[in-house]
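In the UniProt record's numbering, the protein residues as written are 1 to 270. All C-beta atoms, glycine included, are put in the ideal place defined by N, C-alpha and C.
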Amino acid sequence: MTSITSVRQRTLHCTSKTDHTGKAVWYLGLGEPPNTTSEPNNKLLSHFRELAKSTKDESKVDLEYLDGVISEGADVNTVDSYGQTALHEISGRWPVDVMRFFLDRGADVQRADKHGVTPLHVAAALDREEMIRFLLEKQANIEAQTIKTKETPLHFATKYNAVGAIRILYEFGAGMNARDYKQRTPLHLAANEDRSEAARTLIKLGADARVCDSDRQLCITAMISRMAPVAQLALDQFYATDSVTGRQTFYLHLLEPKQSFQDENGPKGY
1 MTSITSVRQR TLHCTSKTDH TGKAVWYLGL GEPPNTTSEP NNKLLSHFRE
51 LAKSTKDESK VDLEYLDGVI SEGADVNTVD SYGQTALHEI SGRWPVDVMR
101 FFLDRGADVQ RADKHGVTPL HVAAALDREE MIRFLLEKQA NIEAQTIKTK
151 ETPLHFATKY NAVGAIRILY EFGAGMNARD YKQRTPLHLA ANEDRSEAAR
201 TLIKLGADAR VCDSDRQLCI TAMISRMAPV AQLALDQFYA TDSVTGRQTF
251 YLHLLEPKQS FQDENGPKGY
């Protein structure tokens, strides 16, 4: 078990991060608890909300205090008005030791909020490599999808250019061809959102640029229009060289849009 002490915030000093445009990402921290929340549950969530408001450079999670609150009856899986648990806050802001403290006391690493966002989604979006690795070692669902957009943690890492997160998720077997609600793979999403660093990383890891989304748009087409230098890397997927004769074959027909994803009867993708 994690020792009962105060844990300093060693990594992030805010719950949000900026993308390549300088715009803050979506995660803003824990909200207010529902009106029906018990006093111990309210104390547990309030501890993290108050820390998030702190202007001090080194805020601390008081594990001794939290252990007492849990002993009073606080549910480690209690949620705020958005369905977020303390794990969502911890995964985006605090050290692994705090996460371990909660998991040791029965916190559910799979628990998603009202939108289907899990703690792993949060850690992936914020590029928290140590936290991502720890959550995956604790059996966090690497293919968990959000409810409306059907995005996996790899999709989240991709749209926030979280290159370190992409590599770790790949290492643990994340589906490179997982589809969101528009049938976009992470690479296709990177192309649509102009996330060049993420796209370059995904291509180097073997992501397929020949796939087609629900609008019949080819991934490579989106890349050419938004990130030509990265698209050039992906063009390697459209030709082959015979190892014996040295003859090169270019599969230009693959650059033509095919039937929509919903109409496919054969193998998905091309």
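Item	Value
Determine whether the beta carbon atoms of Leu169 and Ala199 lie at a separation below 8 Å.	no
Counting only the same chain and skipping the five closest in sequence on each side, list residues whose C-beta sits under 6 Å from that of residue 319.	There is no way to answer for residue 319, as the model of the chain reaches only from 1 to 270.
Alpha carbon to alpha carbon, what distance is there between Thr146 and Val61?	29 Å
DSSP on Leu135, reduced to helix/strand/coil?	helix
Reducing DSSP to helix, strand and coil, say where Leu205 ends up.	coil
From which residue to which residue does the alpha helix (DSSP H) around Val211 run?	Premise fails: Val211 is in no alpha helix (DSSP H) and is neither H nor E.
At the level of alpha carbons, what is the spacing between Ala162 and Asp127?	5 Å
Let's test the definition: count the other Cβ atoms within 10 Å of the Cβ of Asp215 and tell me whether it reaches 16, buried, or not, exposed.	exposed
Run through DSSP, which three-state label would Asp145 get?	The residue asked about is misnamed: residue 145 is Gln in this sequence, not Asp. If DSSP states are grouped into helix, strand and coil, Gln145 belongs with coil.
Could you pull the DSSP bridge partners for Gln232 from this structure?	For Gln232, which the question treats as bridged, DSSP gives no partner whatsoever.
Buried or exposed: Lys43, going by 16 or more other Cβ atoms within 10 Å of its Cβ?	buried
According to DSSP, simplified to helix, strand and coil, what is Gln237?	helix
Which whole-angstrom value is the C-beta distance of Gly106 and Val76, which I expect to be below 8 Å?	6 Å
By the DSSP assignment, the alpha helix (DSSP H) with Lys43 in it spans what residues?	39–53
Name the residue from Asp194, Gly164, Ala174 whose alpha carbon lies nearest to the alpha carbon of Glu129.	Gly164
DSSP on Pro218, reduced to helix/strand/coil?	A small fix is needed here, since residue 218 is Leu in this sequence, not Pro. Three-state DSSP puts Leu218 in a strand.
Which first and last residues belong to the alpha helix (DSSP H) in which Lys159 is found?	153–159
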